[in-house]
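Shown next, in structure tokens, is the structure this report addresses.
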Amino acid sequence: MKFATKAIHAGQAADESTGATIVPIYQTSTYTQAGVHKHKGYEYSRSGNPTRAALEECIASLEGGGNGLAFASGLAAETAVLSILRPGDHVVSAADIYGGTYRLFEKVLTPQGVSFSYVDGAIPANFEAPLTPATKLIWIESPTNPLLQLVDIAAVAAIARAHSVPLAVDNTFATPALQRPLALGADIVVHSTTKYIGGHSDVIGGAVVVNDAVLHRDIQFYQNAAGAVPGPFDAWLTLRGVKTLQLRMRQHGQNAQRIAEFLQTHPQVDAVHYPGLPAHPQHELAKRQMDGFGGMVSFAIKGGRPAVEAFASSLKVFAFAESLGGVESLCCYPSEMTHASVAREERERRGITDGTLRLSVGIEDSDDLIDDLDAALKAAVSSR
Ligand code: PLP
């Protein structure tokens, strides 16, 4: 089956007991058993729930992986992956990652005795130098949040394989509609399904997809043992969202391309980051590694914080808000929102300045989006 068909049908056969075409919301915590160990595959909804199982199978199928696991949030999914680590273990991570992931590494895993080395992910060879016998995981995100830097997944996967270290890829920004890391050699795919997979800004969730049976066993063990699972309604909402993933990603990408091109020529804008622009330093890699360039655009506005204030408060169609990946357009200010948990020096080292703004371009009419940005940029100019 092709992607768009799998999104609608994988894991979603008609309900056996009723014929319901749409996977029902199995809003139950427990399952009546015919006798000791005589059940229909479900005993307790932390361990397994049919609505969640449908979502897990669908996401695994879209990523081209053997096994999917759904979680209560993207960070819960990340925590489950990190549960394979023990005190004394070491992780090599790309430096440009989601601020909450960095916080999880530094404030939760580091005090538990796991150490991290951060490298510039744009150069694959950078991942090799910090590897030690204690390195038990390589972690990347591509494209990155918020600067849309790409990591060459196949090249980093080759390094990881040569050193027998599993490679985890946060595929939240690209989604499996545009990029399938397992096929490029990665071992673990992580998602915040809150974003494009859910797609409607109405549910928090996460997912992990792996092929390896041991990784699956260990992460599934943690899923049940630690218990950060999504409820059946959240799993159902996410499953409803995923059905239109390919269509949405196509429109997000078309709108984002237009907006990036508009911003690139605007005198109030300093730098535009979008992998679909030929000027993006990794445009060729993006063409090779992705099936489209996605819906995220970031740029630096001239005039620092006063310009940011004027711009943000003038937006009418874009909502000034955290998060991304919904059908509606959002704008956020990474240095004081998504990346506030990253120390200022670290943020600046990564290139996130006081003028950096991140757009999650929705699927509204692109004329309306450009008019909105144009008016907000005019307000920013008059604030100077
Ligand atoms: N990964 C990326 C790339 C993200 O942008 C986010 C949240 O913004 C997360 C992970 C964490 O996901 P959640 O907010 O669902 O816990």
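Following our numbering from start to finish, the sequence shown increments by one per residue and tops out at 480.
Yeah, the Cβ is synthetic: ideal placement off N, Cα and C, and Gly gets one too.
The three-state secondary structure of M345, taken from DSSP, is helix.
When the Cα atoms are used, A190 and I300 turn out to be separated by approximately 25 Å. Taking all protein chains shown into account, M345 has 16 or more neighbouring C-beta atoms within 10 Å of its C-beta and is therefore buried.
Non-local C-beta neighbours of W332 in its own chain, meaning closer than 6 Å and more than five positions away in sequence, comprise I121, T147, ordered along the chain.
Not one heavy atom of the ligand PLP sits closer than 7 Å to the Cβ of L244.
The ligand PLP has a heavy atom closer than 7 Å to the beta-carbon of G170.
Annotated three-state conformation of N307 is coil, per DSSP. Between the alpha carbons of A439 and L233 lies a distance of about 24 Å.
A distance of 8 Å or more separates the beta carbons of V393 and A417. When the alpha-carbon of N351 is set against those of D266, D463, F223, the nearest one is in D463. Counting the other Cβ atoms within 10 Å of the Cβ of N222 gives 16 or more, which makes it buried. Counting only runs of 4 or more residues that sit fully inside the segment 199 to 281, the alpha helix (DSSP H) segments are 249 to 258, in chain order. Cβ contact annotation for D266 (same chain, cutoff 6 Å, sequence separation greater than five): E237, V286, in chain order. Counting only runs that start and end inside the segment 415 to 449, the alpha helix (DSSP H) elements of at least 4 residues fall at 440 to 446.
The C-alpha of Q129 lies about 8 Å from the C-alpha of K136. Counting along the chain, T452 sits inside the beta strand (DSSP E) bounded by residues 452 to 456. Here DSSP, grouped into helix, strand and coil, assigns S409 to helix.
If you draw a straight line from the Cα of R199 to the Cα of A253, it comes to about 24 Å. Within the chosen limit of 7 Å, the ligand PLP reaches the beta carbon of T197 through at least one heavy atom. Checking the 7 Å criterion, the Cβ of T334 is out of range of every heavy atom belonging to the ligand PLP.
At a cut-off of 7 Å, the beta-carbon of G217 does not count as near the ligand PLP: no heavy atom of the ligand is closer than that. A buried status is given to Y292, since no fewer than 16 other beta-carbon atoms sit within 10 Å of its beta-carbon. Relative to R142, the option among K383, P326, L465, R401 whose CA is nearest is P326. When the beta-carbon positions are compared, H369 and F395 come within less than 8 Å of each other.
Between G458 and S425 a beta carbon distance of about 4 Å is seen, short of the 8 Å cut, so the two are scored as contacting.
By the neighbour-count criterion, in which a residue is buried when 16 or more other Cβ atoms sit within 10 angstroms of its Cβ, N320 is exposed. Across the structure, A273 and E224 are spaced so that their CA atoms are roughly 29 Å apart. Using a 10 angstroms sphere on the CB of I155, the tally of other CB atoms reaches 16 or more, which defines it as buried. Assignment of H287 by DSSP, reduced to helix, strand and coil, places it in the strand class.
Counted as a single uninterrupted DSSP element, the alpha helix (DSSP H) harbouring F99 occupies residues 99 to 105.
Rounded to whole angstroms, G184 and V119 show a C-alpha spacing of 44 Å. In terms of Cβ geometry, Q364 and I397 form a close pair [threshold 8 Å]. The alpha-carbon separation between P220 and P371 amounts to approximately 18 Å. Beta-carbon to beta-carbon, A258 and I284 are separated by about 17 Å, too far to satisfy the 8 Å threshold. Judged by the Cβ position, S288 qualifies as a neighbour of the ligand PLP at the 7 Å threshold, a heavy atom of the ligand being closer than this. Cβ neighbours of A251 within its own chain (closer than 6 Å, five residues either side excluded): P220.
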